[in-house]
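Undergrad: Numbering follows numbering that gives the first Met the number 0, in which position 5 of the sequence shown is assigned residue number 4; successive positions increment by one, without gaps. We put the beta carbon where it would ideally sit given N, CA and C, even for glycine.
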Amino acid sequence: MNQVIAPAGVSLPAANYALAIGTTGAARWLHTAGIVGGDADGVVPPTIGEQARNIWRTIGKLLEEASMPVASIVAVTTYVVAAPDLEDRLAAVMQERDRFVESHLAASTLVTVPRLVREEWFVEIAVIAAR
0 MNQVIAPAGV SLPAANYALA IGTTGAARWL HTAGIVGGDA DGVVPPTIGE
50 QARNIWRTIG KLLEEASMPV ASIVAVTTYV VAAPDLEDRL AAVMQERDRF
100 VESHLAASTL VTVPRLVREE WFVEIAVIAA R
């Protein structure tokens, strides 16, 4: 079972995520690799929003294959390539995350990086799920 840990007297999260998730009695764990934004044919769309949508679609399929609901996600790590339009990029990535996870909260870390392995990749996301 996963539970949001939110003690009094600590700073609130900066966005729609939990500072910590406690897991007890988990019989199954899923750790994804860093997922990038190519579609099923490997085509990488030109915008970060489309890439993030593809990433969350892939994560959804991985969860489904592992028989794990979205609510089993306990941690999300996101890497976004820094650029002059960083605020817009972050907003697009967070919008797609929120669309996928809806009201579910997971521990979350978002890091800006100078670039990813391939120049056309703007975002990479890894999740950990427990059930």
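Could you check which residue in R27, R117 and G8 has the C-alpha nearest to that of P45?
TA: Mapped onto the sequence shown, residue 45 falls at position 46. Per the Cα distances, R117.
Undergrad: Is the Cβ of G33 closer than 7 Å to any Cβ of chain D?
TA: Looking for chain D here will not work: only one protein chain is present.
Undergrad: Classify T111: buried if its beta carbon has 16 or more other beta carbons within 10 angstroms, exposed otherwise.
TA: As a working note, residue 111 is residue 112 in the sequence shown. T111 is exposed by the Cβ-count criterion.
Undergrad: Do you know whose CA, among Q94, H30 and A39, lies nearest A125's CA?
TA: Counting from one through the sequence shown, the residue named residue 125 turns up at place 126. With distances taken between Cα atoms, A125 lies closest to H30.
Undergrad: Are the stretch 23-38 and the stretch 93-106 touching, with three or more C-beta to C-beta distances below 8 Å?
TA: No contact exists between the stretch 23-38 and the stretch 93-106.
Undergrad: Three or more C-beta pairs closer than 8 Å, one from the stretch 8-17 and one from the stretch 99-110: is that the case here?
TA: yes
Undergrad: Since I4 contacts V73 with CB under 8 Å, what's their CB separation in whole angstroms?
TA: Locating residue 4 in the sequence shown gives position 5, where the first residue counts as 1. Locating residue 73 in the sequence shown gives position 74, where the first residue counts as 1. Contact flag wrong, Cβ pair sits at about 11 Å.
Undergrad: Look at the alpha carbon of K60 and the alpha carbon of D84, and state the distance between them as a whole number of angstroms.
TA: Along the sequence shown, read from residue 1 onward, the residue named residue 60 stands at position 61. Along the sequence shown, read from residue 1 onward, the residue named residue 84 stands at position 85. Looking at the two C-alpha atoms, the distance is approximately 30 Å.
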